[in-house]
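Visitor: Below is one structure. I have some questions about it.
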Amino acid sequence: MALKLSVLGVGYLGVTHAACLAQLGFEVLGLDVDRHRIDRLRAGEVPFHEPGLDELVRTHCRTGRLRFTTDYAEVGAFADVHFLTVGTPQAADGDRADLRFVDAAADALAPRLSRPCLVVGKSTVPVGTAARLAARLAARTPAGARAEVAWNPEFLREGTAVTDTLRPDRIVVGVASARAEGLLREIYAPALEAGTPFLVTDLATAELAKVAANSFLAMKISFINAVSEVCEAAGADVLALARVIGHDARIGHRFLGAGVGFGGGCLPKDVRAFRARAEELGCTAVGTLLGEVDQVNLRSRRRVVELARESVGGDLAGRRVAVLGAAFKPGTDDVRDSPALDVASAVSREGAKVAVYDPMAAANGRRARPDLEFVDSMRSAVTGAETVLLLTEWEEFRRADPAELARWVSVASVVDGRNALDHVAWSAAGWTVRAPGRPGFPPLLSGPAA
Ligand code: UDX
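Under the working numbering, the residues of the sequence shown are numbered 7 to 456, in order.
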C-alpha cells in the first residue's frame with residue numbers, strides 16, 4: 007500500500023513540500039497550528055507568491071490527495087512518514103536558531119504516535135538537533151523506538167521552489183537505519199529514477215549540509231563585496247573582475263554578484279545560526295569566518311546608503327529619493343531581511359522623502375515598514391526624484407529605457423545597488439551612475455559573457 011505522508015508546519019517550505027509530494031502521487035496531510043492559514047489553504051489559497059504553487063495546491067485539494075488540518079491526533083493516526091517543516095527563526099536574544107517550533111511540534115506529535123513511523127526533519131537546525139529529538143520522541147511516544155528520526159535538508163530557492171523540489175540537484179538523507187533509507191528512497195523514487203544524486207549520511211552530516219551550503223553561498227557574495235571595497239580603493243572594476251575569476255571552473259560565475267548584499271529568510275539567519283553553533287562546539291574558525299561574512303554583508307548595505315548620500319551632494323535631508331525594489335531578490339514578494347528595505351529605511355531616517363516601488367512586494371513591504379511610502383509604478387516612484395536607487399534587480403528595472411526615465415526625474419542620478427544596469431547606456435542617456443565596486447564604470451572588458 008502507498009505510504010501516507012504528513013507535513014508539519016505549512017509555511018514556505020511546508021506548503022511547497024506537501025504540494026509536491028501530492029504531485030508525486032502520495033496522499034498528504036498538512037498540519038499547522040495557525041487555523042487561519044489552514045482555512046486559506048483548504049480554499050486553495052497560498053499565502054505567498056511562488057510560481058506554480060497555487061495551481062498545484064488547488065489541483066491536489068481537488069484530487070483529495072492534499073488535505074490540511076490543525077489536529078495532531080488526525081496526523082498521528084494517518085501518516086507513516088511525518089515531515090517536520092516548521093520555521094527555525096533567529097532567536098530574539100542572539101544569533102542562534104530558535105527551536106521552539108521544532109520542539110513544540112515534536113512534543114505535540116509524540117503522544118499521538120502509536121505505530122511504527124519515521125519522523126523526517128527538513129527544517130534548518132543546529133547540528134545535534136536530530137539526535138536530541140530522537141531521544142525526546144522515544145521517551146514520549148507510545149511507539150517508543152519504533153518512531154525513528156531522519157534528516158532530509160531542503161535546498162529550494164524562493165521563486166523556483168516547485169521545480170527545485172520536484173527536480174532537485176541532490177537529495178541528502180541522514181539516517182540511522184536501513185529502514186529509514188528505504189522509506190525515503192520509496193518517497194523520492196521518481197527523482198532517483200531521473201538520476202538525481204542520492205546522498206546517504208549520518209544525522210549530523212545531513213543537518214550540517216544545509217547550513218554549510220548556505221554559508222558557502224553567503225561567503226561567495228561577501229567575498230566579492232569585500233573585494234569591491236578594494237576595487238573602489240584601487241580604481242578597479244568589480245564586475246570585470248568577477249567575470250575574469252568566474253571563468254575558472256573551480257570558482258564559477260554564480261553568487262559573485264557584487265552589490266547591496268544578501269538577504270531573505272535563509273542566508274542571513276543560517277550564517278548566524280551556524281556561527282553560533284560552531285562557537286558552542288568550540289570551533290572558532292567557522293565562527294570567525296562567518297562573523298566576517300555577516301559584517302561585510304551589513305557593510306554592503308551601508309555602502310549603498312553612502313553612495314545615495316554622495317549622489318545628492320552629501321546630505322539626504324529633504325531630498326526626493328526613488329527606491330526601485332523592496333523584495334530581497336527578484337521573483338518573490340518576500341521582504342524578510344531585505345537589503346532593499348533596510349537601505350530605504352536608512353535613507354528615510356536621514357530625512358529623505360522616499361518613494362518605493364516594487365512590482366510584487368509592495369503589500370509585504372508596507373506591512374514590514376509602515377513608515378515608508380510605497381507607490382504603484384516605476385514612473386510614480388521616479389517622477390521628480392533627485393536620485394534613483396536600484397535595490398532589487400527586477401527585469402522591469404533592468405529593461406527600463408534610461409532616456410525615458412531621464413525625462414521623469416528631477417536629477418538624472420542613479421545608484422545601481424545591484425550592478426544590474428547597463429552603465430554605458432545609462433551614462434550615454436545623461437545619467438550619473440554610481441555603483442559599489444565600480445569607481446570608474448569602464449565598459450566591461452570584451453570577451454565571452456559570464
Ligand atoms: C537560499 C539558497 O540559495 C537555497 O538553496 C536555500 O534552500 C534557501 O536559501 P533563497 O533565500 O531563495 O535561497 O535566495 P538566493 O537565491 O540564494 O539569494 C539570497 C540572497 O543573496 C538574495 O538577497 C540575493 O539577492 C543575494 N545574492 C545572490 C547576491 O547578493 N549576489 C549574488 O551573486 C547572488
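Even for Gly, the Cβ is constructed at its ideal location relative to N, Cα and C.
Between the alpha carbons of residue 35 and residue 72, how many angstroms are there, rounded?
Guide: Approximately 6 Å between the Cα atoms of the pair.
Visitor: On a Cα-Cα basis, can you pick out the residue from 389, 400, 401, 165 that is closest to residue 414?
Guide: The candidate whose alpha carbon is nearest that of residue 414 is 389.
Visitor: Express the C-alpha separation of residue 89 and residue 104 in angstroms, rounding to a whole number.
Guide: Using only the alpha carbons, I get a separation of about 19 Å.
Visitor: Who are the near neighbours of residue 236 in its chain, counting only those whose CB is closer than 8 Å to its CB and skipping five residues on each side?
Guide: Same-chain partners within the cutoff: 242.
Visitor: Tell me whether residue 203 is buried or exposed, calling it buried when 16 or more other Cβ atoms sit within 10 Å of its Cβ.
Guide: Classification of residue 203: exposed, given that the 10 Å Cβ count is below 16.
Visitor: Shortest alpha-carbon distance to residue 359 belongs to which of 333, 338, 394?
Guide: Answer by Cα proximity: 394.
Visitor: Looking only at its own chain, which residues have a Cβ that is under 8 Å from the Cβ of residue 191, when we skip the five neighbours before and after it?
Guide: Taken in chain order, the residues that qualify are 198, 204.
Visitor: What's the call for residue 120, buried or exposed, on a 16-neighbour Cβ count within 10 Å?
Guide: Classification for residue 120: exposed.
Visitor: Would you list, in sequence order, the uninterrupted alpha helix (DSSP H) runs of no fewer than 4 residues that lie entirely inside the segment 166-218?
Guide: Counting only runs of 4 or more, we get 167-172, 184-193, 195-199.
Visitor: Given 8 Å as the limit, is there contact between the segment 375-385 and the segment 303-313, that is, 3 or more CB pairs closer than that?
Guide: The segment 375-385, when compared against the segment 303-313, does not touch it at the 8 Å Cβ threshold.
Visitor: From what residue to what residue does the beta strand (DSSP E) around residue 422 run?
Guide: Taken as a continuous stretch (DSSP letters only), the beta strand (DSSP E) holding residue 422 covers 419-422.
Visitor: For the beta strand (DSSP E) containing residue 157, name the first residue and the last one.
Guide: It spans 153-157 - the beta strand (DSSP E) in which residue 157 sits, taken as one unbroken run.
Visitor: Got a sec, what are the start and stop residues for the beta strand (DSSP E) residue 36 sits in?
Guide: From DSSP, the beta strand (DSSP E) with residue 36 extends over 33-37.
Visitor: Does the pairing of the segment 327-341 with the segment 252-261 give three or more beta-carbon distances under 8 Å?
Guide: They do not touch, by the three-pair rule.
Visitor: Going by Cα to Cα distance, which pick from 206, 164, 174, 178 is closest to residue 184?
Guide: Of 206, 164, 174, 178, the residue nearest in Cα terms is 206.
Visitor: CB-CB under 6 Å to residue 317, same chain, minus the five flanking residues each way: which ones, in chain order?
Guide: If we look at residue 317 and ignore the five residues flanking it on each side, its Cβ neighbours are 393, 419, 421, 440.
Visitor: Just grab the DSSP bridge partners of residue 298 for me.
Guide: Paired residues: none, contrary to the question.
Visitor: Could you tell me if residue 430 is buried or exposed, where buried requires 16 or more neighbouring beta carbons within 10 angstroms of its beta carbon?
Guide: Classification for residue 430: exposed.
Visitor: Which same chain residues end up closer than 7 Å to residue 435 when comparing Cβ atoms and leaving out the 5 residues on each side of it in sequence?
Guide: So the list reads 408, 409, 412, once near-sequence residues are dropped.
Visitor: Need the endpoints of the beta strand (DSSP E) that residue 88 sits in, please.
Guide: Looking at the DSSP string, the run of the beta strand (DSSP E) that includes residue 88 is 87-90.
Visitor: Put residue 150 into one of helix, strand or coil per three-state DSSP.
Guide: In this structure, residue 150 counts as helix in the three-state DSSP scheme.
Visitor: Shorter than 8 Å from the beta carbon of residue 126 to some beta carbon of chain D?
Guide: In the structure shown, chain D does not exist; there is a single protein chain.
Visitor: Rounded to whole angstroms, what's the CA-CA distance from residue 261 to residue 218? Just pull it up for me.
Guide: If you take the alpha carbons of residue 261 and residue 218, they lie about 15 Å apart.
Visitor: Hey, residue 475 and residue 233: beta-carbon distance below 8 Å or not?
Guide: In the structure displayed, the chain extends from 7 to 456; residue 475 sits before or after that span and is not available.
Visitor: Distance, Cα to Cα, residue 177 vs residue 158?
Guide: Going from the Cα of residue 177 to the Cα of residue 158 covers about 8 Å.
Visitor: Could you spell out where the beta strand (DSSP E) holding residue 271 opens and where it closes?
Guide: Segment: none, residue 271 is in no beta strand (DSSP E) and carries neither H nor E.
Visitor: Residue 381 and residue 363: beta carbons closer than 8 Å?
Guide: It is a contact, given that the beta carbons lie within the stated cut-off.
Visitor: Residue 123 lies in the alpha helix (DSSP H); which residues open and close that run?
Guide: Residue 123 -> not in any alpha helix (DSSP H); beta strand (DSSP E) instead, spanning 123-127.
Visitor: Just to confirm my understanding: we take residue 387, look at its own chain, exclude 5 residues before and 5 after, and list those with CB closer than 6 Å. What are they?
Guide: Same-chain partners within the cutoff: 328, 361, 363, 381.
Visitor: Who pairs with residue 103 in a beta bridge, going by DSSP?
Guide: In DSSP, residue 103 forms a bridge with 96.
Visitor: Does the ligand UDX have a heavy atom nearer than 7 Å to the CB of residue 486?
Guide: The requested residue 486 does not occur in the structure, where the chain is confined to residues 7 to 456.
Visitor: How do the segment 36-49 and the segment 141-152 stand: do at least 3 beta-carbon pairs fall below 8 Å, yes or no?
Guide: The segment 36-49, when compared against the segment 141-152, does not touch it at the 8 Å Cβ threshold.
Visitor: In terms of residues, what are the limits of the beta strand (DSSP E) holding residue 11?
Guide: Segment 10-14, the beta strand (DSSP E) holding residue 11.
Visitor: Three or more beta-carbon pairs under 8 Å between the segment 274-285 and the segment 121-137, yes or no?
Guide: Because the criterion of three Cβ pairs below 8 Å is met, the segment 274-285 and the segment 121-137 touch.
Visitor: Below 7 Å, is the gap between the Cβ of residue 425 and the nearest heavy atom of the ligand UDX?
Guide: Residue 425: no, Cβ never under 7 Å from the ligand UDX.
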